[in-house]
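Peer 1: Pasting a structure below so you can have a look.
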Amino acid sequence: MGHRFSQTRYDEGTSVFWSIRSVRFCILTRGDLFPTDHGAAVKIVRTAEVLSRVGEVCCIVTDDRDAYWRFVDGRGERVAYPHKLRAAEEWPLIRGGGRLAERLLAKFGYPIEEHFLYLPIFDPSWWMRAVAVGEVENIDVFQAEFPGYGVAAWLASRFKGDSRSSIVQHNVEWDRLGEFGHDVSRIRSIEQWILDRVDDVIAVSADDKARMVEAGTRAEKITVIPHGVDLKRFGWGVGVDVRQRHEIALDAPVLFFHGTLHYWPNTEAVRFIVDELIEGLLKTIPDLRVIIAGQNPPEYYEHPAVVTPGSVDRLEDYIAAADVCLCPIFAGGGTRMKLMEYMAAGKPIVSTTKGAEGIPYTAGTHLLIADDVAAFSAHIKTLLADRHRREQLGAAARRFAGAYDWSSVGDALESLYKGKGRGEDWNAKFAASVQEPIDAHLPEMRISSKPRTMLLLINQGCNLKCSFCDLWEQFENMDVQGRLIPLLDEAVAIGTETLVITGGEPFLHPDLFEAVAAAKARGMSVNITTNGTLINKRWDELIDSGVDSLSFSIDGMPDTHDDLRGQKGAWKRTMSGLRRVLSEAPEMATSIYFVVTNKNIQELTAVYDLARSYGTKFDFWPVNDAPELYLTTPEDKAAWRDAVEHISMQDLEVAARAAYYESGLEYHAQQTTPVRCLGLIDQYGVSYTGDLLPCCVWGGEGLVVGNVFETPLSTLWASDEVQAHREKMYGDGCSVGCYNHSLYEFEVATGESFRVEQK
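Rendered as structure tokens:
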């Protein structure tokens, strides 16, 4: 392989940097990365993923003597070391070097429980592995996570001769150990010597940079790049499942904290919650529960109101179950990844000043600060009593976290290694990019039913001919470059976080995945609602697109589905596409949508059970605006009620919506009053012609309130005309003929009925 630098190396005395074309990275770090269930592991693995997308490849070398990890385009595989290297690691002198390293660490004052983080300073087997991977993979940048791995990074880069070395400081390690009561005078000297040797130092906060500068590291070589957060993961958890699993009532207030619980600052946080905070809260909130998740929970702090599930696979579900998240950290450094995760999930947070250190938040806007038990308790009580305040804080927190997606961290690292932005504070840059959305006067005393969502009718035309739909009758596509991309910028300006692409059949649009890429580049989560028959035809484009979720329309078992969809074999092709996504792209969320008619009501439970067997989500509602398909006979009504009862026994969210499903029969009997929803508030629709609507009832008379191709969306959103329509939908309801999940979302968000009582 040829080298990828147009100049040989960085000259510390000048401003000459490398010009990167296609870089190969190597991270040197701790070995406890998989499962990725603690903060350091998340940070390191996500960094490897983004670096492998920024460059050509990113390897991870750990204390594993048999193999290293190799990431390409965000995906990793374990690669065995060459046989000669593996044999060399067993030489007596090399193995003896490891034992000598242990003795040296003890002599210099490193605590024995943390020797694994510092062995590479003295262990020759570590140096050999770093050098070997540097040669085998032709590495250009060796990035040490924690200073203990800096010696191996520095030696490997010098052996290569044309490579660069850096250290990422998760904390200022000697300060952290000093806070725990250790004598750090010699530790500080060793680590300062290492920091002086590498080409770059990366701090995660301005506070940590200041500490290193005070200790003697040159300010110009320290770049502040904070930890990121996986925005796609958080905000979409299923908290109901967590409450059910741990026997917590759906209406019980829940507090949440997580971390590696044997790590002393987190252990101290648990002590604070149990010994100082919880008893006072229980006096006025007796049904309060606290979930504390993470490795090695301290059993000596057990409490009847505290749930300790240990390390959890789906952290997002546990955060979703919480009403308020806590960060009572009183020691340590760096930035708290848990805080960014809470923010990304849109949760209100109460933190200590130390817990929020390094994050340029605005107190009272992005989170609440308390440094003693009285203030902590007061903030929690206020938030639990005020749903509107919780929602307000959570929404602001999620907007703030939007600037810290891991892709932004990758951009900062790429810039640093290209020689741009060295010595700067990227944390401050990220925070400065957060913009409050353009908004209108919205109804008070409500929470968001979901992240603000654009329902996009990207085309008209379909390869099927459903009996309850007329969008297949002619073909027309929205212009992505000229129309949609400018619209997406406007959508971001009004706070849109989710794009739902529908049609017609979206997979017939030739530029569908260009639209997806544009939305993802703007930080949106993207769902495509599809009949699923064209998945295999456009498989490669789908997999490369970054689509977050797919919703498959399935309306019965094979014969019934094909009859309703107007094409023989449609069910088989749809299921083929669904099964392929589940087996080959399991990271892509899937759901099945079922439109209930008098032709398929007898098969509703069968399709639900099928979805459950596949592990995919399921949603259903009565058919809209198709009287010939309504459930009106006693047999159909009985089948509907039986199906709802069957599903409710296995799905608590369906059980909670029992009244909504019963009202569906009134809708089909054409006995309903106008219905209320959060159209033009939490959701809005845009058609391929640019019409702005409150929903996806594309042909509804009187619903269009402007055209985004004629007037910018941000202008329309704040206009008097749209505000009047918004208030009418919220107050007087809509009589167009709609009955779907937007209605029960209204009740959850407002606590009011979606039905308007006739006077």
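Each residue of the sequence shown is one higher than the one before, counting from 3 in our numbering.
Glycine included, each C-beta is placed from N, C-alpha and C at the ideal position.
(1) Between residue 227 and residue 411, which are expected to be in contact by the criterion C-beta below 8 Å, what is the C-beta distance as a whole number of angstroms?
(2) Considering just the uninterrupted stretch of the alpha helix (DSSP H) at residue 386, what are its terminal residues?
(3) Restricting to Cα atoms, I'd like to know which of 642, 288, 214, 564 is closest to residue 173.
(4) In whole angstroms, give me the CA-to-CA distance for residue 209 and residue 221.
(5) Could you tell me which whole alpha helix (DSSP H) segments of length 4 or greater appear in the region 619-662?
(6) DSSP state of residue 141, grouped into three classes?
(7) Which word fits residue 64, buried or exposed, when buried means at least 16 other C-beta atoms lie within 10 angstroms of its C-beta?
(8) Could you check if residue 149 is buried or exposed, using at least 16 other CB atoms within 10 Å of its CB as the buried criterion?
(9) With DSSP as the reference, label residue 447 as helix, strand or coil.
(10) I need the boundaries of the beta strand (DSSP E) containing residue 291, first residue and last residue.
(11) Taking the straight line between their C-alpha atoms, what separation do you get for residue 447 and residue 752?
(12) Any chance you could list the alpha helix (DSSP H) runs of at least 4 consecutive residues sitting entirely within the region 220-247, in chain order?
(13) Would you mind working out which of 485, 745, 451, 606 sits nearest residue 638, comparing C-alpha positions?
(14) Within its chain, find whatever has a CB closer than 8 Å to the CB of residue 743; leave out the 5 residues flanking it on each side and keep chain order.
(15) Judging by CA-CA distance, which residue of 325, 167, 57, 312 is the nearest neighbour of residue 241?
(16) I'd like the ranges of any beta strand (DSSP E) spanning at least 3 consecutive residues and lying wholly in the region 155-229.
(17) In the DSSP assignment, what are the bridge partners of residue 69?
(18) Tell me which same chain residues have a C-beta within less than 8 Å of the C-beta of residue 424, skipping the five on either side of it?
(19) On the three-pair Cβ rule with 8 Å, is the region 244-254 touching the region 315-323?
(20) Since residue 708 contacts residue 724 with CB under 8 Å, what's their CB separation in whole angstroms?
(21) Decide if residue 482 is buried, meaning its Cβ has at least 16 other Cβ atoms within 10 Å, or exposed.
(22) Quick one: what does DSSP say residue 594 is sitting in, helix, strand or coil?
(23) For residue 59, name the three-state secondary structure that DSSP assigns.
(24) Measure from the alpha carbon of residue 352 to the alpha carbon of each residue in 328, 575, 343, then state which is nearest.
(25) So what's residue 666 in DSSP terms, helix, strand or just coil?
(26) Does the beta-carbon of residue 312 have 16 or more other beta-carbons within 10 angstroms, so that it is buried, or is it exposed?
(27) Using the beta-carbon count (16 or more within 10 Å), is residue 731 buried or exposed?
(28) Return the first residue and the last residue of the alpha helix (DSSP H) that residue 268 is part of.
(29) Determine, using beta carbons only, whether residue 710 and residue 692 come nearer to each other than 8 Å.
(30) Closer than 8 Å by C-beta to residue 519: which residues in its own chain qualify, once you throw out the five before and the five after it? Chain order, please.
(31) Report the three-state DSSP secondary structure of residue 742 (helix, strand or coil).
(32) Considering only the beta carbon of each residue, do residue 690 and residue 461 sit closer than 8 Å?
(33) Let's see if you can read the secondary structure: which residues bound the beta strand (DSSP E) around residue 685?
(34) At what residues does the beta strand (DSSP E) containing residue 456 begin and finish?
(35) Let me check understanding here. Comparing Cα to Cα, which of 560, 370, 746 lies closest to residue 572?
(36) Helix, strand or coil for residue 110? Go by DSSP, reduced to three states.
Peer 2: In brief:
(1) Against the sequence shown, residue 227 aligns to sequence position 225. Against the sequence shown, residue 411 aligns to sequence position 409. Confirmed, about 6 Å.
(2) Your numbering for residue 386 matches position 384 in the sequence shown. DSSP places residue 386 inside the alpha helix (DSSP H), whose first and last residues are 375-387.
(3) Locating residue 173 in the sequence shown gives position 171, where the first residue counts as 1. Checking every option, the nearest Cα to that of residue 173 belongs to 214.
(4) In the sequence shown, counting from the first residue as 1, residue 209 sits at position 207. In the sequence shown, counting from the first residue as 1, residue 221 sits at position 219. Their backbone Cα atoms lie some 12 Å apart in a straight line.
(5) As far as the region 619-662 is concerned, its whole alpha helix (DSSP H) runs of at least 4 residues are 636-650, 654-658.
(6) Stepping through the sequence shown from its first residue, residue 141 is reached at position 139. Correct three-state label for residue 141: coil.
(7) Your numbering for residue 64 matches position 62 in the sequence shown. With 16 or more other Cβ atoms from the protein chains shown falling within 10 Å of its own Cβ, residue 64 counts as buried.
(8) Against the sequence shown, residue 149 aligns to sequence position 147. Here residue 149 is buried, its C-beta having at least 16 other C-beta atoms within 10 Å.
(9) Position 445 of the sequence shown, counting from 1, holds the residue named residue 447. Low per-residue confidence applies at residue 447: pLDDT is 49, beneath 50, and the placement is therefore not dependable, though the value from the model is reported in the following sentence. Three-state result, residue 447: coil.
(10) Within the sequence shown, the letter at position 289 stands for residue 291. Following the DSSP letters along the chain, one finds residue 291 inside the beta strand (DSSP E) bounded by residues 291-295.
(11) Residue 447 sits at position 445 when you count from the first residue of the sequence shown. Residue 752 sits at position 750 when you count from the first residue of the sequence shown. Per-residue confidence for residue 447 stands at a pLDDT of 49, beneath the threshold of 50, marking its modelled position as unreliable; the derived number appears in the next sentence. The straight-line gap from Cα to Cα measures roughly 7 Å.
(12) Entirely contained in the region 220-247, the alpha helix (DSSP H) runs reaching 4 residues are, in chain order, 241-247.
(13) In the sequence shown, the residue the question calls residue 638 occupies position 636. The option with the nearest alpha carbon to residue 638 is 606.
(14) Position 741 of the sequence shown, counted from the start, is the residue given in the question as residue 743. Take residue 743, set aside five residues on each side of it, and the residues of its chain with a beta-carbon closer than 8 Å to its own are 621, 623, in chain order.
(15) On the sequence shown, residue 241 is found 239 positions in, with the first residue counted as 1. The alpha carbon of residue 241 has as its nearest neighbour, out of 325, 167, 57, 312, the alpha carbon of 325.
(16) Correct list: 166-171, 202-205, 224-226.
(17) Residue 69 sits at position 67 when you count from the first residue of the sequence shown. In the DSSP output, where bridge partners are listed per residue, residue 69 has 82.
(18) Locating residue 424 in the sequence shown gives position 422, where the first residue counts as 1. Correct list, in chain order: 19, 202, 222, 223, 225, 418.
(19) Verdict: yes, contact present.
(20) Walking along the sequence shown from the start, residue 708 turns up at place 706. Walking along the sequence shown from the start, residue 724 turns up at place 722. Indeed, because the Cβ distance is near 7 Å, the residues count as touching under 8 Å.
(21) For the purposes of this step, residue 482 is taken as the residue at position 480 of the sequence shown. Buried, since its Cβ has 16 or more Cβ neighbours within 10 Å.
(22) The sequence position of residue 594 within the sequence shown is 592, counting from 1. It is a strand residue.
(23) Translated into positions along the sequence shown, residue 59 becomes position 57. Strand at residue 59.
(24) Counted from its first residue, the sequence shown places residue 352 at position 350. Nearest option by C-alpha distance: 328.
(25) Locating residue 666 in the sequence shown gives position 664, where the first residue counts as 1. Here DSSP, grouped into helix, strand and coil, assigns residue 666 to helix.
(26) Counting from 1 along the sequence shown, the entry for residue 312 is found at position 310. By the Cβ-count criterion, residue 312 is exposed, with fewer than 16 other Cβ atoms from all chains shown falling within 10 Å of its own Cβ.
(27) In the sequence shown, the residue the question calls residue 731 occupies position 729. By the 10 Å Cβ count, residue 731 comes out buried.
(28) The residue you call residue 268 lines up with position 266 of the sequence shown. Here the alpha helix (DSSP H) through residue 268 covers 266-273.
(29) Taking the first residue of the sequence shown as position 1, residue 710 is located at position 708. Taking the first residue of the sequence shown as position 1, residue 692 is located at position 690. Yes; because the gap between Cβ atoms is below 8 Å, this pair is in contact.
(30) Counted from its first residue, the sequence shown places residue 519 at position 517. Excluding residues up to 5 positions away in sequence, 547, 548 lie with their Cβ nearer than 8 Å to the Cβ of residue 519 in the same chain.
(31) Sequence index remark: in the sequence shown, residue 742 carries index 740 (1-based). In this structure, residue 742 counts as coil in the three-state DSSP scheme.
(32) Locating residue 690 in the sequence shown gives position 688, counting from the first residue. Locating residue 461 in the sequence shown gives position 459, counting from the first residue. Remark: C-beta atoms of residue 690 and residue 461 approach each other more closely than 8 Å.
(33) Counting from 1 along the sequence shown, the entry for residue 685 is found at position 683. In this chain, the beta strand (DSSP E) harbouring residue 685 covers 685-688.
(34) Sequence index remark: in the sequence shown, residue 456 carries index 454 (1-based). Taken as a continuous stretch (DSSP letters only), the beta strand (DSSP E) holding residue 456 covers 455-459.
(35) The count along the sequence shown starts at 1 and reaches residue 572 at position 570. Checking every option, the nearest Cα to that of residue 572 belongs to 560.
(36) Walking along the sequence shown from the start, residue 110 turns up at place 108. Here DSSP, grouped into helix, strand and coil, assigns residue 110 to helix.
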